[in-house]
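Participant: A single structure is presented below for examination.
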Amino acid sequence: MSKPIELSNVTQAYLEEYQKILNKMMQGMTYVTITCSISENFIKQIIPHQIAAIKMSENVLRYTTNIPVQNFALEIIKTHSEIVENLEAIQNRCCIVQNSEYELYEYMCAFKEITEAMFQAMCSPPISNSINVNYIQEMIVHHQGGVRLAQNVLRFCICQELIPILQCMIQTMCRQIDEMEKLLEGLQDC
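Structure follows, in structure tokens:
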């Protein structure tokens with residue numbers, strides 16, 4: 001059995017803040033008053049997810065000196081802030097689209113399965129003294145969960161204004177996952 005690595009004070013401070021962000025995201029996504037509108041439910045559930053990406057990126061920017069990681073974190077802040085603004089702009093109109101109890105049940109079962117897997121992976125990521133590696137690994141899992149959540153909601157009758165936002169969200173997060181995997185390779189080669 002290998003001895004656990006000793007984490008630097010800086011890594012510990014980064015991870016403590018990450019844990020706070022993660023806890024707030026999980027609470028925000030889980031404790032939503034469910035309505036008869038999948039569109040409304042999804043928007044209320046996904047906004048804390050998007051805000052967590054912004055906060056995670058702000059957290060890494062406090063510690064990293066790696067320019068590609070800095071640039072990537074700044075891109076995350078920009079793209080996910082735009083997604084939050086777009087979701088908030090349509091939230092009141094999208095609650096009009098109602099769904100059947102069966103659709104709500106199907107949506108929530110898949111939502112629960114996706115979020116539980118994402119939460120579990122984000123709560124126990126591989127940890128190293130490289131804050132850059134930690135951030136990228138955490139964010140990959142975050143984005144993979146986000147893509148699955150968006151794909152889930154697209155299976156149902158939802159607000160028409162939400163569809164292009166979801167398609168853009170999926171495209172953006174998939175592109176960012178590819179970028180992160182390349183970044184991670186370069187970080188692990190150091």
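Taking full-length UniProt numbering, I'd label the letters of the sequence shown as residues 1 to 190.
Ideal placement from N, C-alpha and C gives every residue a C-beta, glycine not left out.
Predicted model only: the values in this text are computed from it and were never measured.
Hey, could you find the ends of the alpha helix (DSSP H) P97 is sitting in?
Facilitator: Taking the sequence shown and counting its residues from 1, one reaches residue 97 at position 97. Residue identity check: residue 97 is Val in the sequence provided, not Pro. No alpha helix (DSSP H) contains V97, which DSSP labels as neither H nor E.
Participant: Thinking V97 and C159 are a contact (beta carbons under 8 Å), I'd like their distance in whole angstroms, please.
Facilitator: Within the sequence shown, the letter at position 97 stands for residue 97. Within the sequence shown, the letter at position 159 stands for residue 159. Confirmed, about 5 Å.
Participant: Exposed or buried, what is residue 214 when buried is set at 16 or more other beta-carbons lying within 10 Å of its beta-carbon?
Facilitator: Because the chain is modelled from 1 through 190, residue 214 falls outside the range shown and cannot be assessed.
Participant: Roughly how many angstroms separate the alpha carbons of N134 and Q50, rounded to a whole number?
Facilitator: As a working note, residue 134 is residue 134 in the sequence shown. As a working note, residue 50 is residue 50 in the sequence shown. When rounded, the distance between both Cα atoms is 19 Å.
Participant: Tell me whether E17 sits in a helix, a strand or coil according to DSSP, three-state version.
Facilitator: One-based indexing of the sequence shown puts residue 17 at position 17. E17 falls in the helix class under three-state DSSP.
Participant: What's the call for E116, buried or exposed, on a 16-neighbour Cβ count within 10 Å?
Facilitator: Reading the sequence shown from its first residue, position 116 is the one you call residue 116. With fewer than 16 other Cβ atoms within 10 Å, it is exposed.
Participant: Consult DSSP for S37 and reduce its assignment to one of helix, strand or coil.
Facilitator: The residue given as residue 37 occupies position 37 in the sequence shown. If DSSP states are grouped into helix, strand and coil, S37 belongs with coil.
Participant: Pair every Cβ in the stretch 169 to 183 with every Cβ in the stretch 68 to 75, then say whether three or more of these pairs are closer than 8 Å.
Facilitator: yes
Participant: Leaving out five residues on either side along the sequence, give the residues of the same chain with a beta carbon under 7 Å from the beta carbon of F42.
Facilitator: Residue mapping note: residue 42 aligns to position 42 of the sequence shown, counting from 1. The residues are V153.
Participant: Could you tell me the alpha carbon to alpha carbon distance between C168 and E40, rounded to whole angstroms?
Facilitator: Translated into the one-based positions of the sequence shown, residue 168 becomes position 168. Translated into the one-based positions of the sequence shown, residue 40 becomes position 40. One C-alpha to the other measures close to 18 Å.
Participant: Beta carbon of C95, beta carbon of T35: below 8 Å?
Facilitator: Working through the sequence shown from its first residue, we reach residue 95 at position 95. Working through the sequence shown from its first residue, we reach residue 35 at position 35. Yes. Within cutoff.
Participant: Under 7 Å from any heavy atom of the ligand MN, does the C-beta of E116 make it?
Facilitator: In the structure shown, the ligand MN is absent, as is every other ligand, since no ligand is present at all.
Participant: Once DSSP output is grouped into helix, strand and coil, what is the label at S130?
Facilitator: Residue numbering aside, residue 130 sits at position 130 when the sequence shown is read from its first letter. S130 falls in the coil class under three-state DSSP.
Participant: Between which two residues does the alpha helix (DSSP H) carrying T172 extend?
Facilitator: Stepping through the sequence shown from its first residue, residue 172 is reached at position 172. Note, T172: alpha helix (DSSP H), L162 to Q188.
Participant: Touching or not, the stretch 137 to 145 and the stretch 102 to 113, by the rule of three or more beta carbon pairs under 8 Å?
Facilitator: no
Participant: Please state whether the Cβ-Cβ distance between I76 and Q176 is less than 8 Å.
Facilitator: One-based indexing of the sequence shown puts residue 76 at position 76. One-based indexing of the sequence shown puts residue 176 at position 176. Cβ atoms of I76 and Q176: closer than 8 Å.
Participant: Helix, strand or coil for L7 per DSSP?
Facilitator: The residue given as residue 7 occupies position 7 in the sequence shown. In the three-state reduction of the DSSP assignment, L7 falls in the coil class.
Participant: Where does S124 land, buried or exposed, given buried means 16+ other C-beta within 10 angstroms?
Facilitator: Counting from one through the sequence shown, the residue named residue 124 turns up at place 124. With fewer than 16 Cβ atoms within 10 Å of its Cβ, S124 is classed as exposed.
Participant: Please report the distance separating the alpha-carbon of N99 from that of Q91.
Facilitator: On the sequence shown, position 99 is the one that residue 99 refers to. On the sequence shown, position 91 is the one that residue 91 refers to. Approximately 16 Å, taken between the alpha carbons.
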